[in-house]
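Colleague: Position one of the sequence shown corresponds to residue 8 (the working numbering), numbered consecutively onward.
The structure's right below; bear with me while I get my questions together.
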Amino acid sequence: MPTSTTEPALAKRPCAVIAPTTACPACATAYQQCCLPLHQGAAIASTPEALMRSRYSAYVLGLYDYIVATYASAERANLTVYDIANSAAQTTWIGLRVLDTKILPQSTNDAGQFYGEVEFKVFYSEAKCLYCLHERSTFVQEDGQWFYKDGVMLAGNGAVKSKRNDPCCCGSSKKFKQCCLPKIQ
Numbered sequence: 008m009p010t011s012t013t014e015p016a017l018a019k020r021p022c023a024v025i026a027p028t029t030a031c032p033a034c035a036t037a038y039q040q041c042c043l044p045l046h047q048g049a050a051i052a053s054t055p056e057a058l059m060r061s062r063y064s065a066y067v068l069g070l071y072d073y074i075v076a077t078y079a080s081a082e083r084a085n086l087t088v089y090d091i092a093n094s095a096a097q098t099t100w101i102g103l104r105v106l107d108t109k110i111l112p113q114s115t116n117d118a119g120q121f122y123g124e125v126e127f128k129v130f131y132s133e134a135k136c137l138y139c140l141h142e143r144s145t146f147v148q149e150d151g152q153w154f155y156k157d158g159v160m161l162a163g164n165g166a167v168k169s170k171r172n173d174p175c176c177c178g179s180s181k182k183f184k185q186c187c188l189p190k191i192q
């Protein structure tokens, strides 16, 4: 009896489609001026922060091929689109806050690669609960292009306890009940 080499069907929602003039999920700028050129392969990220923002918006939009393609080559070998899609299948992405970004000074290794770091918080919901992912990500430049290498989880990960009238966790300056609360109910 022949065995199947195909992966099981993805348990994910289809890729979201947004108009190019709509605000990018990663910032307030129009998608066509922010992450769309990166997602289409018409441009490359000029900084680690730009790559991190494009990866976040790719998660929001379900562009899992882009997520895999923007991992550093050493990490990419062990990843599949299927794995990335399934890990995000039940996640609703709420918002991104970049806290710090830097190119590491004189940070070349023997291969002449440069490194950068981005510290951020991502807010998301799963099973009607709000969570925060607080990470410091490392990016590496390979052949002049930035790639995600790895990340370190920082304090403040886990469930977020926001009251209805608290300032929204996403940093919008609105009350939680008027901003992200409806997205998780």
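Just so you know, even glycine gets a beta-carbon here, dropped at the ideal spot from N, CA and C.
Measure the alpha-carbon distance for Asn164 versus Asp157 and round it to whole angstroms.
Modeller: Approximately 17 Å, taken between the alpha carbons.
Colleague: In the DSSP assignment, find the beta strand (DSSP E) that holds Arg143 and state where it starts and stops.
Modeller: Per DSSP, Arg143 belongs to the beta strand (DSSP E) from Cys136 to Glu149.
Colleague: Just to confirm my understanding: we take Asp107, look at its own chain, exclude 5 residues before and 5 after, and list those with CB closer than 6 Å. What are they?
Modeller: Glu126, listed in sequence order.
Colleague: Could you give the residue range of the beta strand (DSSP E) that holds Ile101?
Modeller: Here the beta strand (DSSP E) through Ile101 covers Thr99 to Ile110.
Colleague: Using a threshold of 7 Å, state whether the C-beta atoms of Leu195 and Ser61 are closer than that.
Modeller: Residue 195 is absent from the structure shown; the chain starts at 8 and stops at 192.
Colleague: Terminal residues of the continuous beta strand (DSSP E) containing Lys128?
Modeller: Unbroken beta strand (DSSP E) run through Lys128: Tyr122 to Glu133.
Colleague: From the DSSP output, which residues share a beta bridge with Gln152?
Modeller: Bridge partners of Gln152: Glu149.
Colleague: Using the C-alpha atoms, what's the distance from Gly123 back to Tyr131?
Modeller: Approximately 25 Å, taken between the alpha carbons.
Colleague: Decide if Met59 is buried, meaning its Cβ has at least 16 other Cβ atoms within 10 Å, or exposed.
Modeller: Result: buried.
Colleague: With a floor of 3 residues, list each beta strand (DSSP E) that falls wholly inside the region 15 to 73, ordered by position along the chain.
Modeller: With a minimum length of 3 residues, no continuous beta strand (DSSP E) run stays inside the region 15 to 73.
Colleague: First and last residue of the alpha helix (DSSP H) that includes Asn93?
Modeller: It spans Val88 to Ser94 - the alpha helix (DSSP H) in which Asn93 sits, taken as one unbroken run.
Colleague: Using three-state DSSP, classify Pro9 as helix, strand or coil.
Modeller: With a pLDDT of 41 at Pro9, under the threshold of 50, the modelled position of this residue cannot be trusted; read the value that follows with caution. Of the three classes helix, strand and coil, the one that applies to Pro9 here is coil, per DSSP.
Colleague: Which partner residues does Lys182 have in the DSSP bridge list?
Modeller: Pro174, per the DSSP bridge assignment.
Colleague: Please report the distance separating the alpha-carbon of Ser94 from that of Cys139.
Modeller: For Ser94 and Cys139, the distance between alpha carbons rounds to 16 Å.
Colleague: Would you tell me roughly how many angstroms separate the C-alpha atoms of Phe121 and Glu149, rounded to the nearest one?
Modeller: Rounded to whole angstroms, Phe121 to Glu149 spans 8 Å at the Cα level.
Colleague: Do you know whose CA, among Cys136, Phe183 and Gly178, lies nearest Ala35's CA?
Modeller: Ranking Cys136, Phe183 and Gly178 by Cα distance to Ala35 puts Gly178 first.
Colleague: Looking only at its chain, what residues have a beta carbon closer than 6 Å to the beta carbon of Thr13, apart from the 5 residues adjacent to it on each side?
Modeller: Note that Thr13 has pLDDT 44, beneath the 50 cutoff, so the model's placement of it is unreliable and no number is given.
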